[in-house]
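Here is the structure we will look at, set down as structure tokens.
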Amino acid sequence: MTRLHVVALVLSSVMVGLWLAPAHAGADREKLLNDPGVYGTFAAFALNDEWAKQDPATRIVRLTSLKGVVEQHREHVAIDLYLLRGLSDQADILFRIHAAELRETQEFLLDLKSSQFGKHLKTVGILHGLTKKPNYVPGFSDQMKADLKTISEPGQKPYAIVIPIRKSAEWWGMDQEKRAAMMQEHTAATLPYLKTVKRKLYHSSGLDDLDFITYFETSKLEDFHSLVLSLEKVQEFHYVRRFGHPTILGTMKSLDEVVELLAQ
Amino acid sequence: MTRLHVVALVLSSVMVGLWLAPAHAGADREKLLNDPGVYGTFAAFALNDEWAKQDPATRIVRLTSLKGVVEQHREHVAIDLYLLRGLSDQADILFRIHAAELRETQEFLLDLKSSQFGKHLKTVGILHGLTKKPNYVPGFSDQMKADLKTISEPGQKPYAIVIPIRKSAEWWGMDQEKRAAMMQEHTAATLPYLKTVKRKLYHSSGLDDLDFITYFETSKLEDFHSLVLSLEKVQEFHYVRRFGHPTILGTMKSLDEVVELLAQ
Amino acid sequence: MTRLHVVALVLSSVMVGLWLAPAHAGADREKLLNDPGVYGTFAAFALNDEWAKQDPATRIVRLTSLKGVVEQHREHVAIDLYLLRGLSDQADILFRIHAAELRETQEFLLDLKSSQFGKHLKTVGILHGLTKKPNYVPGFSDQMKADLKTISEPGQKPYAIVIPIRKSAEWWGMDQEKRAAMMQEHTAATLPYLKTVKRKLYHSSGLDDLDFITYFETSKLEDFHSLVLSLEKVQEFHYVRRFGHPTILGTMKSLDEVVELLAQ
Amino acid sequence: MTRLHVVALVLSSVMVGLWLAPAHAGADREKLLNDPGVYGTFAAFALNDEWAKQDPATRIVRLTSLKGVVEQHREHVAIDLYLLRGLSDQADILFRIHAAELRETQEFLLDLKSSQFGKHLKTVGILHGLTKKPNYVPGFSDQMKADLKTISEPGQKPYAIVIPIRKSAEWWGMDQEKRAAMMQEHTAATLPYLKTVKRKLYHSSGLDDLDFITYFETSKLEDFHSLVLSLEKVQEFHYVRRFGHPTILGTMKSLDEVVELLAQ
Amino acid sequence: MTRLHVVALVLSSVMVGLWLAPAHAGADREKLLNDPGVYGTFAAFALNDEWAKQDPATRIVRLTSLKGVVEQHREHVAIDLYLLRGLSDQADILFRIHAAELRETQEFLLDLKSSQFGKHLKTVGILHGLTKKPNYVPGFSDQMKADLKTISEPGQKPYAIVIPIRKSAEWWGMDQEKRAAMMQEHTAATLPYLKTVKRKLYHSSGLDDLDFITYFETSKLEDFHSLVLSLEKVQEFHYVRRFGHPTILGTMKSLDEVVELLAQ
């Protein structure tokens, strides 16, 4: 622990001159996270074998470049970090990036890869989606619309899960009314978990080999498991051709936490 | 930014003696891009780990060899470049090559691999197709034929997407009339997007593990997503056995832009 | 053999100052192994090529770090070790970790990877599940409930097998009664093997690309084979979409045994 | 170009003492290429990363060992070479080897791998098949038998394509008569292309994860594409479970041409 | 050839002091190869890139360690060797190990991997099965029982083929009588090949992602191909979900032959 604090101190002093006002960085973060028409990218990376061989001082210098790149782009894109190591198979860290244009996301990831830290990153997977206004909710019953307004309990939700989904041609070939009825059953199955499991949906058709990316945050993984089990039991699930593969499970971390953990 | 301009200047001075008249290079480009009976190849490459370790001067020398090879072959084949890094999983750059004969494409790619720059390239994937006269359009209604003449809006379309497609035995086993009717429904679904999404079709049966390569350019990714969603809803989609895998998403770049970006 | 004893002696002397009371480590082990609501993680690793090149003295120092990390986390999580080398394709060792929270498992695996020994580990696969109260047993006949109380024969069960399972949408779409009837047939098929094959079930929906992880211990692999063959013959097996892939087969080892084997 | 001639000269002088009478090498080549009961092997290799780093003189020495091995075995097996680089994803060169016994093929490939050149080769894929007398032709109409005698146009056919095929259990379960009827329809679809596309069939059941390897040579890739498209439209295609994966596309080269190209 | 003899001589002199009585090694080999209840393991390895870089003297020392490990374990397990290089894609050698307990197989493979030679081996695949008394034969007709007693022709059978098989849930869900009738048809199809193709069956359910491993030896590969073709045509084949993947094809070699070949 003491060692970590030393690392943090060193990092602070090394970086103090690099940026001055992180306070007003990320001005549009709220809009990017809540508006429709925003692109969401999940980029998972593994650290290469050479990372483990660097001495602590070199690591700190390189992690400083990570901080620099993230802070520099935070004015334009919303960046969240997750630690996958120990929970997912092939990747160590995951970036979730929200941007008004995918070009901005590409610019961030290009700078990340070109940085001193980025030279140690192997791209494991990149998924793209787009936020949109709710598709089926307008046709739901008033009661369900009211229920859906349940706000998730405040407080830290340390676990994040990303599940890509592809639906079958049969699903897309059905008329909107039939799909809406099934989505209402699907949505009803989620109501008991609104308080403890936060959800966000991204539409991916054409942008990736997917139709949707579903993203979850929770502090109660058991509730999340029960939620997925409920979703497997509704009729709509018969039209799901791919669910997961990969299922990405990690813990949310601040940039400083990731830096401290990787400095070890 | 300033650093990029320095790079560009250095590159210019290094290369000035290598070729003199890029102006009349690519004389047949228009024909290759518009005629039927032309072979189109999509070749995606990743930069190897050693690239990141080269110092800037070495990179510039090697990128000069890339410029040399591209310029040398541009008289025979039409070459377009795309930056995939940050948007696609495994590849960094994509070449789209149009040629009257696949041998010419092979010669270009052989020279590329043998160049100083090519030593850093790992081949991620190569897809081949052939342009042909429209198959079903002659049977379409006059109204649809007129609609299809809509010209896409001028201006830069920075995003490019490549989606390989394989159809089922059931599709090919149906008679031409039935297929034509479904293709008319498919084509109707694309009409609202003709202005903002440019499309090009390559036929691949036998040349690759595919039946088609579909290529798109757009500045409005959201429109492209809506177009794909519309195509998933028509009857013809039930006969699509493979759609994507990979879906290749990148941004169009000039050779100079790619050189500048990779010099960093 | 003599050489192994020397290794063990050296290890003992090197490590004697690192921890003092392994006796009360793992106080909650029994609870973690028997309670519902506990997370079980199966993490398989391969030793990298450099491990084989280390001289014995270096190996012993690095294995000491493995012992240190395991002992340090044993207060919070229950850790079991298995030797896969020679029996499974791609991995050399397997850790089974039980924890009240997956964060604790992640912390252990992070420390493992950061250790001197961990630098030689490549993550081959990680599977997560959750223990739960029996789902269908309450509805079983009294006779079967009594039969299920059969206790497995005491004594060492050197072989362990891990088989991940995914069920079809059809399975989850059936009503609970129908599934219970099939699970009763499934369970009846397992009764002849209760004495020689120990089983444990983990629920994974949402936590991984799986619905269940089934874990077995036995000293009679032939009985285990007969058990699986019986399970393939019941009706419930028609609803199994994935069985194995991978099937992980190994032998249970104490930490000291693993250290001795890898020191060679 | 001049540089290539120098390379060829150097190679000639280096190798002149190694073998004297390539003229009577390959005495049985015609028999091996035309008889039934001959084993055909397609072995695709990639050059490893170290190849690109060798200086030209070293390359020439190593390519001399390639020439040596090929010439030495040509007395027993028929060897053809193809350049895949630039046209196929993962491989650079392809050997097609015909032999009376697969042991002879193995001996050639063992010597190839043990040679100075072979140390740079990574095996990408090996496919085995067996030539047999035509299965269904005896039952065809006299007209079709006559048509099948069409001889392919003389002259170089630079492109070669290899497509592995697996048929379904349904296909093999049908009686011979039904299969013969469908094969007659299949064969009729190929008649228009007999002149420009040369075909050869290898039977693989049991020798590989395939039922057939189909091999094509053509100078008109567009005709080959049309041929495959025609084959996708006949009833027999419904019983094809695997078609391609990989589809291997390359250009036929003499040993000397391959040596010259790889010397660069 | 002369060089090989030198190698053999050197090997003999190096190893003469390591073991004295290979004569009574493998006392139980006959029992292990013929009894039911024996575990059969197929372990395929590739030589790593560094092997090709070793000088001949080093190779010989390392191959001596291979001989040592095999000879040491031959008292407990029956070990057969096969050369895959040149005939199979990814592996160079295959060990078939028969043991009364899989632990003994694991001990052999652990010692193999820890040996000087083993450091050059990459594990490509490991398959496990169990020999059992014939399942369906007791119900066959007397005539077929008599036919099955045909003994395969004596003499060397240089080729060996390993084909893993998984059957469908439909197969296992059928009653024993129906399966027996289909297996009688299956067995009848094999009768013409009993003389030239030797077969051995291993049961794998639960021990691996397979139901069976089928193993063949023959000197007439064409007969083996005809046998597999016959088996594809019987009704039972409709219930085969996986056949091959991989199909492993190699030539049987003595330990000394493998040592000589790899010393080159």
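Chains as they are written, first to last, in the numbering used here: chain A, 51 to 314; chain B, 51 to 314; chain C, 51 to 314; chain D, 51 to 314; chain E, 51 to 314.
Heads up, the beta-carbon is just placed ideally off N, CA and C, and yes, glycines get one too.
Note that the structure is predicted; figures quoted are calculated from it, not measured.
In the DSSP assignment, A230 (chain E) falls within the alpha helix (DSSP H) that extends over 226-240. Taking a cut-off of 8 Å on C-beta distances, the segment 170-188 of chain C touches the segment 83-90 of chain C, as three or more cross pairs fall below it.
For E267 (chain A), the uninterrupted beta strand (DSSP E) segment begins and ends at 262-268. Taking the Cβ atoms as the reference, K217 (chain C) lies roughly 13 Å from D259 (chain C), outside the contact range of under 8 Å. Residue nearest to S304 (chain A) within the set A:G175, A:I129, A:F167, A:S138 is A:I129 (criterion: CA-CA distance). By DSSP's assignment, M302 (chain A) forms a beta bridge with A:Y132. Scanning the segment 120-191 of chain C for uninterrupted alpha helix (DSSP H) segments of 4 residues or longer gives 152-164, listed from N- to C-terminal end. Residues of chain B with a Cβ closer than 7 Å to the Cβ of K169 (chain A) are, in chain order, A102.
Taken through DSSP and simplified to helix, strand or coil, S255 (chain D) comes out as strand. Annotated three-state conformation of P106 (chain B) is helix, per DSSP. In the three-state reduction of the DSSP assignment, L113 (chain D) falls in the helix class, which pools H, G and I. M302 (chain E) and P204 (chain E) do not touch by the CB rule: their CB atoms are close to 15 Å apart, not below 8 Å. By the CB criterion at 8 Å, D139 (chain C) and T173 (chain E) fall inside the cutoff. About 4 Å separates the beta carbon of R112 (chain C) from that of F167 (chain C), a gap short enough to meet the 8 Å contact definition.
According to the DSSP secondary-structure assignment, F92 (chain E) is paired through a beta bridge with E:R146, E:L177. In this chain, the alpha helix (DSSP H) harbouring F274 (chain E) covers 271-282. A Cβ-Cβ separation of about 14 Å leaves I213 (chain A) out of contact with G90 (chain A) under the 8 Å criterion. As a beta-bridge residue in DSSP terms, L97 (chain A) pairs with A:L171.
Within chain B, no residue has its CB atom less than 8 Å from the CB of K248 (chain D), the nearest being about 14 Å off. Under the criterion of beta carbons closer than 8 Å, H170 (chain B) and E100 (chain B) qualify as touching, at roughly 6 Å. For T297 (chain D), the closest Cβ of chain B is nearer than 8 Å. When CB distances to chain B are screened at a threshold of 9 Å, the residues of the segment 245-278 of chain A falling below it are H253, S254, S255, G256, L257, D258, D259, L260, D261, in chain order. In the displayed model, K195 (chain A) falls within a helix according to three-state DSSP. Listed along the chain, the chain D residues whose CB falls inside 7 Å of the CB of S164 (chain B) are Q314. For K250 (chain D), the secondary structure class from DSSP, reduced to helix, strand or coil, is strand. Closest by C-alpha distance to G136 (chain A), out of C:L160, C:H126, C:S115, is C:L160.
Neighbours of A219 (chain D) in chain E, taken as residues at a C-beta separation under 8 Å, are given in chain order as E282, F287, H288, V290.
About 45 Å separates the beta carbon of G118 (chain B) from that of K283 (chain D), a gap too long to meet the 8 Å contact definition. Contact of H178 (chain C) with chain A is assigned, a C-beta pair being separated by under 8 Å. Secondary structure note for K81 (chain E): it is in no beta strand (DSSP E), and the uninterrupted alpha helix (DSSP H) holding it is 79-84. At a C-beta separation below 8 Å, Q156 (chain A) has these neighbours in chain B: L133, R135, G136, L137, T301. L116 (chain E) is positioned such that its CB atom lies no closer than 8 Å to that of V290 (chain E).
Shown here for K248 (chain E): same chain residues with a beta carbon closer than 8 Å to its own, the five before and five after excluded, namely S202, K207, F266, E267, T268 in chain order.
Put simply, the CB of I215 (chain E) is far from chain D, with every gap to its CB atoms at 8 Å or more. Listed in chain order, the non-local C-beta contacts of G189 (chain E) below 7 Å within the same chain comprise A230, local neighbours out to five positions each way being set aside. Under the DSSP assignment, E220 (chain D) falls in the alpha helix (DSSP H) whose first and last residues are 219-223.
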